[in-house]
Each structure stands twice: as structure tokens, then as C-alpha cells.
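In what follows, a single structure is set out as C-alpha cells and then discussed.
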Amino acid sequence: MLDKRSGNAHSFQVDLRGLVDLLSHHLYSSPRVYVRELLQNAVDAVTARQRMDPTASTAIRITLDEAGLRIDDPGIGLTEADVHRFLATIGRSSKRDDLEGARREFLGQFGIGLLACFTVAERIQVISRSAAVPDAPGIEWLAASDGTYSVRRLEPDERAVPGTTVRLTPRAGAERWFAPDVVIDLARDFGSLLPYEVTVDTGGRTIRTTDSPPVWDRSYDSAAARRAALIEYGEGALGFTALDVVELDVELAGIRGAAYVLPQPANPADSGRHRVYLKGMLLNDATTGLLPEWAFFVRCVIDTDTLRPTASREGLYEDETLVAVREALGVRLRDWLTGLAAQEPQRLAAFLAVHSLGVKAMARHDAELFRIMLPYLTLETTDGQVTFAEVARKYPVVRITPTVEEFRQIATIASAHGMAVVNGGYTYDGELVALLPDVMPGVVVEELGSDVVTAALDPVDSANELAMAGFMAMARSTLDPLGCDVILRAFFPASVSALHLDSREARNERTRAEIAADADDLWAEILGALKSDKPRAQLVLNHRSPVVRRLATISDPALLVTAVEALYGQALLMTHRPLRSVDTALLNRAFDELLGWAAQNVTESTEQDGQA
């Protein structure tokens, strides 16, 4: 037990080295937070004294010299009882869970946070005098990294005024954290929005590191000047010049700040990393979970007094308040977009030129926003880039391909035959097209099937079909082992000799059959029970193609087989889908045989010319 009248050293109730290891490797991400913890203690002390005496000084001073770092605050100060309560708290446990509990309990007091200084300091000295108990003597708490400490009462002339001074002596290897430029940068980074003046004295210069009130709480001559100031601030805080800025003022959630629109397209998988302050003190410049996942096109700088920090004060605790704030900020971004649509279409167009994907992500979950954005959001169709509103107005039946590959395969042919098709393969487009009937009653949406495409192509008259009968029979027998039927149609453009039409069911059936062929008896029997009766893939030969018509005149059966395989392979390549090993082998074989046939004909022609 500590003798309160003694200045002798005593051991902590826990292993200090183990506690420092826990702080530096499990609670805090970097030793840099020691400056934040010193500032937080000073700010909380000054705030407590302001409640008691609004006329008291609020200036916080950091001083650097050869001995290390000193921070002085004119705050509420500590009594001897406060110091012992502090010691009891930090000696409670060396377990992470207990430490985090204590950290939350003593947030804003001389609690666990002060021990963050041991990640960079060999010794910590706290000298304090209480303003709340004027007759109480000043107190000194002196702790070393070897796990010892001492507490003594000060003589009256050792600390005459209320407040606290903390001195840190650097430990070996941590001197760089006390370099003037490093301390200035850390003080400015963590505390630029603090409500009290903070300065750093390096001996030769005194630098103010606070810049309050925040830019969003200042008055400006015009809305344009305000917007320019916000964008300039965001450039310094976030490192990029925003395409646009959205003010975030959610009074009920205690949120003030701004959302900055990224100047380039963002990754939907990145829900954003934001700069979050708690009552003016930076928690983290890469905080996640602040906005809905769809809002990946903005980065925020906010100050809050309602959100709960994690024990390390480097992130936000996921609770009902954070959920409510996330929803409120999402509503603010949505309202901003709808306001642009109604009042500033040029700014909306500039935004959508970069971030249409983000708006589409929002619209999936917000029918009203989708309805508002219908005239502005576009998607790919056989008529080019068309807005959703135009699609719903122009196409009685909106036919959509589920993949980009299927769209590319039939786009040219569908367009030539007057069949409107929408590409649903890009991110969110298919989902939004499926929602069209909900926001525009009467619109019909159908997935484009191979039967629809086939029905849109012109049939071949009976005489021409009869002339091609032998060739078609041979083509069907050649491709039947590959699970592909062959039909004859006439379509444009004539330069396309063959079209490979497939369905998801047909692809699944081929995969099932391939697996079953290599499986053991039991597994093959199970897969056999799953056999589908859905139509197979189709190779549609174009009777308008000169190449196809010429093939019907060839009498060499081997050459005909090779030609059919070549048409099949070419049509497969047009689908842009990955090829099966059997298809790759067929393509290589057909290519080699055609080259051989061409080379043989060239040789025979040359020999005949020589004999002549």
C-alpha cells in the first residue's frame, strides 16, 4: 500500500512492460497517439475548469527542449485522491478487455490514455494542483518504465497556480517522436479543430497548431465563397481537389462537416475512409463505417459529439447511434442529388459523368431516387447509350441480356433486324432494369432468350433450305457431340457467317454432362438425375453469307467437316466467353486442316502452271 506522505518508489500492481506492450501492439496502432492523449487530457481539464470558472485561461502549451517534452494546461488539476484513483485504475488489469473497459470508463480523465506515453517515454512526471479544491496541496506523480513510481505532496512554492504539467523523458530509440517538426505535425493533425489555442514552443519558434472555428462554422460573403473555402479545406485535409462538396449538418446527430466528391471513379468495394473528429480531436483519418456502403464516391471530414469511440480512440464503436448517423448522412447525400436534379442539372451532369455507378448503387435501394434519376442515368443498348427513361418510353418490351458477352454477340444482328436489346451485364444495370416496372407501371422486362433471337431472324424459303439439306445434315452430325444444334436462317449483316446462341440452362447442362463423364458411378448417377431437357445451344448459319452458300457446293466430306468446325469456332470466339478445352482443340484442328488444305491447293496450282 502506498504511503501518501512518502516520496519513495513503489511498484505498479501490474507489469508495466507488459502493459506498454499491450498498449503499443494491441490498443494503439502507433506511438504517434501519445500526442493526442496528452492533448486530450489537457483539453478535458481545461473544459472542466471552464465550467467552474469561465474567466480562466484556456491556452495549452507544448514545450520541447533537450530534456524532452512538456505540456502545460491551466485546467482543473488533480488532487492527491485523484492521483490515487488514477493509479488504481491503471493497475486494475493487464488484460485487453479489462483495459478497454477502463479506457472507456476514464475517457476524458487521467486514465489509461496517459500510459500511451510510455510507448515513447522512459519517464513520465505529472505535477498538478487542483482548482476544484483550492486548499489541497499540489501533487507529483513520477513513473518510470521499469515499473516503479512515486507520489509526493508539493510544497506551496512548487506549484502555486492550478493546472497540470506533464513532462516526458524520451526512451532510447524513440527520440524521433520528440523531433520538433514531428511534434508540430502531430499536434496540428490531431488537434487542429480543438476549441482552445494550442501552441508548440521549440525554443526558437512558437507555432500555433489549432485553426478553429472549423471552416464549416465560419461566415462567408457568398455561397460561392463558402463552397470555395470548403473545397480548399478538403484539399488540405484529404489530399485531393474535390469534384464537388456536400455540407453535412445533422443537428440531432451532433454532426458538422462536409462530404467531398472524389474527382475520379471510385471502387464500389471501397465504402470509404473518412476523417472523423470527436469534439475537435481527431480520432482517425481512415475511419470506416461512417456512411452507407453505396456512398463510395465521397470522403468525409466531420466533427461529432455523439458518436462513441473505440477504446483506442482510433475508430467508431458500432452501436445504434452510429447506425442512425449512417442513415442520416445517407439521406443528406440523397437529398443533395435530388436537389441538383431539380435546380442544377449542369452540376448533376458533371457528377454523373464520373460517378454514375455510385448513384446506380444508391438507386437500387431507393425507388424514389431511381424515379428522379431516370432521365439522367444511362445504360448500353442496341441504340447506343440511352437513359432509363428513354428505354422505358421507346421499348414496349425491354429485352435484356444478363451478360456483356451475350449483348456483344447479338447486338449487331439485333440492331440490323430492328430488335431493341439492353445490356444488363454491367454493374447494377440489370438490377435497375428489373426495377423499371415498379417505378414505371406498364413497362415489361424480359430476359433475352435464344428463342427470341431465333424468332426475329428471317426464315429461309423451302427451295434454298432443300438445296442446303445435305450440308445441314452433315453439320448437325458434326456438332451433335458438342451439345450443339444447327439451324439455317437469313439475317444481316451478311458478313456474319454463323451465330452461336446459348442459354444459361444449356451451359449448365454441358457442365453437368462433362462432370458426369469423368465421375464415378455413384456421382454419375446423381448427376444423371439432374439432366435438363432444356434446348441445347444453337449454331445459326446465315444463308445470306456467301461463305455459307458456297459450302453447300463442296463435295469433299472431310473438308466440309473442317469448314463446319471452323464456323463453329469462329461463332464461339464472337461470344467472348472462355472456351472449353474441347472447343480449343476443335479450333486448333480446324485451323491446321484448313491451312493444310490451302497449302495443298496452292502447290497443285503451281505444278499445273509449270506443266502448262
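Using the working numbering, you'd call the opening residue of the sequence shown number 48 and step up by one each time. Every residue gets a Cβ at the ideal spot worked out from N, C-alpha and C, and that includes glycine.
Residue interval of the alpha helix (DSSP H) (run including residue i)
i	result
Ser7	This structure cannot settle anything about residue 7, because the visible part of the chain is limited to 48 through 659.
Glu478	Asp476 to Val486
Thr525	Ala516 to Leu526
Arg273	Ala270 to Leu285
Arg418	Ala414 to Met420
Asp382	Glu367 to Gln390
Ala458	Val451 to Ala463
Contacting residues, own chain, Cβ-Cβ under 8 Å from residue i (five flanking each side not counted)
i	result
Leu483	Phe435, Val438, Ala439, Val445, Val490 and Val492
Val372	Val297, Ala300, Ile302, Leu337, Thr351, Thr353 and Leu354
Phe539	Ile460, Ala463, His464 and Arg591
Ala178	Arg96, Met99, Asp100, Ala103, Gly122, Ile123, Gly124, Pro209 and Gly210
Asp366	Arg355
Ala397	Leu290 and Asp291
Trp644	Leu606 and Thr609
Delimiting residues of the beta strand (DSSP E) encompassing residue i
i	result
Glu294	Asp291 to Val297
Met328	Met328 to Thr334
Thr246	Val245 to Asp248
Gly251	Neither: Gly251 is in no beta strand (DSSP E) and is coded neither H nor E.
Gln432	Gly431 to Thr434
Thr351	Val345 to Thr351
Glu494	Val491 to Glu494
Val533	Cys531 to Arg536
Arg446	Val444 to Thr448
Glu427	Thr425 to Thr428
Val323	His321 to Leu325
CB of residue i within 9 Å of CB of residue j, strictly
i	j	result
Glu169	Thr105	no
Thr288	Glu282	yes
Thr110	Asp236	no
Ile123	Ala163	no
Val348	Ala305	yes
Tyr243	Val82	no
Ser180	Val130	The question names Ser, but residue 180 is Val in the sequence shown. Their beta carbons are not under 9 Å apart, which means Val180 does not touch Val130 by this criterion.
Leu548	Ala584	yes
Tyr423	Leu404	no
Met328	Arg455	no
Arg322	Thr334	yes
Gly471	Pro443	no
Thr428	Val469	yes
Arg536	Pro506	yes
Val370	Arg418	no
Asp268	Leu240	no
Thr126	Ile186	yes
Leu495	Ile457	yes
Leu421	Arg381	no
Ala467	Asp430	yes
Tyr307	Leu330	no
Leu86	Ala191	no
Leu529	Val595	no
Cut-off 7 Å between Cβ atoms - residues of its own chain near residue i, not counting five sequence neighbours on either side
i	result
Arg411	Tyr475, Glu478 and Leu479
Asn511	His590
Thr525	Val608, Val611 and Glu612
Lys142	Here Lys142 scores only 41 on pLDDT, less than 50, and its place in the model should not be relied on; the value that follows carries that caveat. Result list for Lys142: empty, nothing under 7 Å.
Ala408	Pro315, Trp341 and Tyr475
Val262	Ala276, Leu277 and Tyr280
Gln432	Thr425
Spatial neighbours of residue i in its chain, beta-carbon cut-off 6 Å, leaving aside the 5 residues before and after
i	result
Arg624	Glu452
Ala545	Leu586, Leu588, Leu614 and Ala618
Thr253	Thr246
Val80	Ala163
Glu640	Thr609
Asp62	Per-residue confidence for Asp62 stands at a pLDDT of 49, beneath the threshold of 50, marking its modelled position as unreliable; the derived number appears in the next sentence. Around Asp62: no qualifying Cβ.
Glu84	Gly160 and Ala163
Gly220	none
Proximity test, residue i beta-carbon vs the ligand SAM heavy atom, cut-off 8 Å
i	result
Pro217	The model on display carries no ligand, and the ligand SAM is accordingly not part of it.
Quiz prompt | Cβ pair count under 8 Å reaching 3, the segment 205-224 against the segment 111-123 | solution = yes
Practice problem: Determine contact between the segment 581-600 and the segment 502-521, defined as no fewer than three beta-carbon pairs at a distance below 8 Å. | Solution: yes
Quiz item: Residue ranges of each beta strand (DSSP E) run of no fewer than 3 residues wholly in the segment 153-233, ordered along the chain?
Solution: 168-176, 186-191, 195-200 and 210-217
Practice problem: Decide if the segment 601-620 is in contact with the segment 632-641; the criterion is three or more beta carbon pairs, one per stretch, under 8 Å apart. | Solution: yes
Quiz item: Do the segment 310-322 and the segment 332-346 touch if we need at least three Cβ pairs shorter than 8 Å?
Solution: yes
Quiz prompt | Cβ pair count under 8 Å reaching 3, the segment 361-372 against the segment 381-390 | solution = Taking 8 Å as the limit for Cβ pairs, the verdict is that the segment 381-390 does not touch the segment 361-372.
Exercise. Enumerate, from N- to C-terminal direction, the unbroken beta strand (DSSP E) stretches of 3 or more residues contained entirely within the segment 73-133.
Key: 107-112 and 115-120
Quiz item: Taking three-plus beta-carbon pairs below 8 Å as touching, is the segment 217-227 in contact with the segment 197-208?
Solution: no
Exercise. Mind listing, in chain order, the continuous alpha helix (DSSP H) runs of no fewer than 4 residues lying wholly within the segment 586-656?
Key: List check, alpha helix (DSSP H) in window: 593-598 and 604-622.
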